[in-house]
Amino acid sequence: MTAGRTSHAAKVLAGRLVLLFGVGGLWELAARTGVFPAAFIGQPSIFLPGLARMFIDGSIYGPILDTLSATALAFCIGGVLALASALLLTAVPILREIVQPFLDALNALPRVALVPLFIVWFGLGMTSKVISGVSLMYFILLFNTLAGARSVDPDHRGLARSLGLGSSQIFRQIVIPTAIPAIFAGLKLGLVYTLLGVVTAELIAGGKGLGSLVSYYSNTYDANGVFAVLVVLVAVSFALSTLMEKIEGRLMRWKQP
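Per UniProt numbering, the very first residue in the sequence shown carries number 1; after that it's consecutive.
#1: Only counting the same chain, and skipping five residues up and downstream in sequence, which positions put a Cβ closer than 8 Å to that of Phe75?
#2: Can you tell me whether Asn144 is buried or exposed, with buried defined as 16 or more other CB within 10 angstroms of its CB?
#3: Helix or strand or just coil, what does DSSP make of Phe36?
#4: Relative to the alpha-carbon of Gly206, which residue among Gly148, Leu89 and Ile119 has its alpha-carbon at the smallest distance?
#5: Since Ser218 and Val226 are thought to touch, with beta carbons under 8 Å apart, how far apart are those beta carbons, to the nearest angstrom?
#6: Locate the alpha helix (DSSP H) running through Tyr216, then write down its first and last residues.
#7: Terminal residues of the continuous alpha helix (DSSP H) containing Ile64?
#8: Contact check, Leu111 vs Gly42 under 8 Å by CB: the rounded distance?
#9: In the DSSP assignment, the alpha helix (DSSP H) including Leu51 goes from what residue to what residue?
#10: Can you list, in chain order, the residues of its chain with a C-beta nearer than 8 Å to that of Leu95? Leave out the 5 residues immediately preceding and following it.
#11: For Leu240, which three-state DSSP category applies?
#12: Thinking C-alpha only, which one of Asp222, Gly186, Tyr221 and Leu51 is nearest Glu245?
#13: Report buried or exposed for Val229, applying the criterion of at least 16 other Cβ atoms within 10 angstroms of its Cβ.
#14: Going straight from the alpha carbon of Ala70 to that of Leu213, what length do you get?
#15: Express the C-alpha separation of Trp27 and Phe21 in angstroms, rounding to a whole number.
#16: Given this structure, state the Cα-to-Cα distance separating Leu81 from Tyr61, to the nearest angstrom.
#17: What does a CB cutoff of less than 6 Å around Asp66 pick up in its chain, not counting 5 residues either side in sequence?
#18: Ala223 and Asp47 - do their beta-carbons sit closer together than 9 Å?
#19: Whose CA, out of Phe184, Ala105 and Ser7, lies closest to the CA of Thr242?
#20: How big is the Cα-Cα spacing for Leu83 and Gln100?
#21: How should Val12 be labelled, buried or exposed, when 16 other C-beta atoms within 10 angstroms of its C-beta is the threshold for buried?
#22: What's the gap between the Cα of Ala147 and the Cα of Asn107?
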């Protein structure tokens, strides 16, 4: 990394830290002075040490593991189903035309609002959380993959046919590689929304996950507890997004000049 890039990265990091501590300071000031009731907005000087104690005594690790387990399972199931569906619909255009209106209608449904129905169907355990996550992951990745597959330049298809490539070869060698960036975009967005679906199910159904902790602290009017868990959720979501970007960077090296 050159000196110029190092300096720029340092400035960006310093700016982010100033923004973070500035917001935290204003938050603390508003709670201490009563501009906003601390019972409603929490207080960083209280919930951050409380969060540290959760990590020290280990009470937060179980909920994190429970939420991540359901998220990982939903992500894998939803991802496989979405990719298989997208590849099938791309390979068989007439089938895509038949089912497209139904897919659009299902995608328009607010799946988060269906979580209570999933709980009725699948109970209060892991299954309803996984189904909730899958319902969000599936459509995000499906539509991203379909959009990527449709972005193939018609001239490239025509050139491939003129060179004697068959439909299956065009699909494998042109359509799929062209769709890969859109697939990874869907995977990154879908991973975050899968976590959202799982946490929403935990908020409603209870259990042992991070969403259940948020629900517990909300029901006991403990704003500091709620914000402590929300900090964990932000960190988990950021870590998952960063991990997906690292994986994408490694797998997409072949596109770099």
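We put the beta carbon where it would ideally sit given N, CA and C, even for glycine. Nothing here was measured: the structure is a model prediction, and the numbers come from that model.
According to the data block:
#1: Gly133, Met137, Gly190, Leu191 and Thr194
#2: buried
#3: coil
#4: Ile119
#5: 6 Å
#6: Leu210 to Asn219
#7: Tyr61 to Ala91
#8: Looking at the sequence shown, residue 111 is not Leu but Arg. With a Cβ gap of about 29 Å, Arg111 and Gly42 do not count as contacting.
#9: Pro44 to Asp57
#10: Leu88 and Leu89
#11: helix
#12: Gly186
#13: buried
#14: 15 Å
#15: 10 Å
#16: 30 Å
#17: Lys208 and Gly209
#18: Inspection of the sequence shows that residue 47 is occupied by Phe rather than by Asp. Cβ atoms of Phe47 and Ala223: closer than 9 Å.
#19: Phe184
#20: 16 Å
#21: exposed
#22: 14 Å
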